[in-house]
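Numbered by the working numbering, the letters in the sequence shown go through residues 31 to 252 in order. What follows is a set of notes on a single structure, which appears directly below.
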Amino acid sequence: MSRLASIGRRLWFGLNPKARKSRFHTQKGQYALGSLNDVVDCAAAVATGIACKAAGIRLKLPWITFPAMRFLRARITPNARVFEWSCGMSTLWFERRCVEVCAVEDNPSWYRTIAERATKAKIVLLEGRAYVEKILEFPAGYFDVVSVDGSHRLECFRLALEHTCPGGLLVVDNTDNDRSGGDLYVVDQMLGQLGLDWEVHRFPGWGPGNFFVWETTVCVRR
Numbered sequence: 031m032s033r034l035a036s037i038g039r040r041l042w043f044g045l046n047p048k049a050r051k052s053r054f055h056t057q058k059g060q061y062a063l064g065s066l067n068d069v070v071d072c073a074a075a076v077a078t079g080i081a082c083k084a085a086g087i088r089l090k091l092p093w094i095t096f097p098a099m100r101f102l103r104a105r106i107t108p109n110a111r112v113f114e115w116s117c118g119m120s121t122l123w124f125e126r127r128c129v130e131v132c133a134v135e136d137n138p139s140w141y142r143t144i145a146e147r148a149t150k151a152k153i154v155l156l157e158g159r160a161y162v163e164k165i166l167e168f169p170a171g172y173f174d175v176v177s178v179d180g181s182h183r184l185e186c187f188r189l190a191l192e193h194t195c196p197g198g199l200l201v202v203d204n205t206d207n208d209r210s211g212g213d214l215y216v217v218d219q220m221l222g223q224l225g226l227d228w229e230v231h232r233f234p235g236w237g238p239g240n241f242f243v244w245e246t247t248v249c250v251r252r
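Rendered as structure tokens:
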């Protein structure tokens, strides 16, 4: 294979061609370059990805897909209470918009990075069962937004359901991953079986910092 062909193949397929048809497809095969919004989101993803990898610049944006981010922005209110498994730029984004943000993290280095930048959010460093069960310190239905990311996602997802208030939002990132099995595959199957108490919105697309598309799912509790 020529060098030019090799470069072209990498540009199209990305670094892991076995996981997806191309960098323009999620691992489920959803294509995200078919509309003007997709093109604009792709350009924003490339720009933020270059800024992050070349200069270490991370904008205060949730690292979920842009369509999911727009959905959240339209629905969260200043009185919202937020719980996140895994802190990050989303923690800083939420604390500017919501009255209460609690995040739990199990990576010490990343915890320090975000805790130093946070001004209002309560961020705690925990591991294992303590990480998963931190949300049990709060009453059922307490949070307006619950975000499942980071570690132990299947266990966290099960607890998230009962702690999201009526009308609240449950955010699960990377729901196209683990197509050969694993926690996220199981979570994705459970999302499809939530029933009438939940509206499930799938948002395949581009997002900050990545040069490929993925899927973020946002569920609204009726």
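All residues carry an ideal CB built from backbone N, CA and C; glycine is no exception. Keep in mind the model is a prediction, meaning the values are calculated, not measured.
Can you tell me whether residue i is helix, strand or coil according to DSSP?
| i | result |
| --- | --- |
| K164 | helix |
| S244 | It should be noted that the sequence gives Trp, not Ser, for residue 244. The answer is strand: DSSP assigns W244 an E or B state. |
| V176 | strand |
| K83 | helix |
| R277 | A query on residue 277 cannot be resolved here, the shown segment of the chain reaching from 31 to 252 and no further. |
| P92 | coil |
| G235 | strand |
| F113 | strand |
| C72 | helix |
| I37 | With a pLDDT of only 38 at I37, under the threshold of 50, the placement of this residue in the model should not be trusted; the figure read from the coordinates follows. In this structure, I37 counts as helix in the three-state DSSP scheme. |
| R50 | coil |
| R100 | helix |
Does residue i have its Cβ less than 7 angstroms from a Cβ in chain C?
| i | result |
| --- | --- |
| A170 | No chain C is part of this structure, which consists of one protein chain only. |
Suppose the cutoff is 6 angstroms on Cβ atoms and the five residues either side in sequence are ignored; what does the same chain contact list for residue i look like?
| i | result |
| --- | --- |
| V154 | V134 |
| V299 | The structure shown has nothing for residue 299, since the chain only spans 31 to 252. |
| M99 | P92 |
| E130 | R111 |
| G171 | C195 |
| S181 | D136 |
Quick one: is residue i buried, meaning 16 or more other Cβ sit within 10 Å of its Cβ, or exposed?
| i | result |
| --- | --- |
| L122 | buried |
| F168 | exposed |
| Y161 | buried |
| R33 | Note that R33 scores a pLDDT of 48, beneath 50, so its modelled location is shaky; the value from the coordinates is reported in the next line. By the neighbour-count rule (16 or more Cβ atoms within 10 Å), R33 is not buried but exposed. |
| L166 | exposed |
| Q60 | buried |
| R232 | buried |
| E125 | buried |
| R24 | The structure shown does not extend to residue 24, since the chain is modelled only from 31 through 252, so no value can be given for it. |
| S36 | For S36, the pLDDT reaches just 45, beneath the cut-off of 50, and the residue's location in the model is therefore unreliable, although a value from the coordinates is still provided. Burial call: exposed. |
| P234 | buried |
| N109 | exposed |
With a CB to CB cut of under 8 angstroms and the five nearest residues on each side skipped, what residues in its chain are close to residue i?
| i | result |
| --- | --- |
| R252 | P196, G197, L226, D227, W228 and E229 |
| N207 | Q57, L214, Y215 and W244 |
Excluding the 5 residues flanking residue i on each side, which residues of the same chain have their C-beta closer than 7 angstroms to its C-beta?
| i | result |
| --- | --- |
| K164 | V134, V154 and L156 |
Say the cut is 6 angstroms; is the CB of residue i nearer than that to a heavy atom of the ligand SAH?
| i | result |
| --- | --- |
| E185 | In terms of ligand content, the structure shown is empty, and the ligand SAH therefore cannot be addressed. |
task = Mind listing, in chain order, the continuous alpha helix (DSSP H) runs of no fewer than 4 residues lying wholly within the stretch 184-224?
result = 213-221
>> Which complete beta strand (DSSP E) runs does the stretch 126-159 hold, if anything under 3 residues is left out?
In response: Runs of the beta strand (DSSP E) spanning 3 or more residues and lying entirely within the stretch 126-159 occur at 130-135 and 152-155, in chain order.
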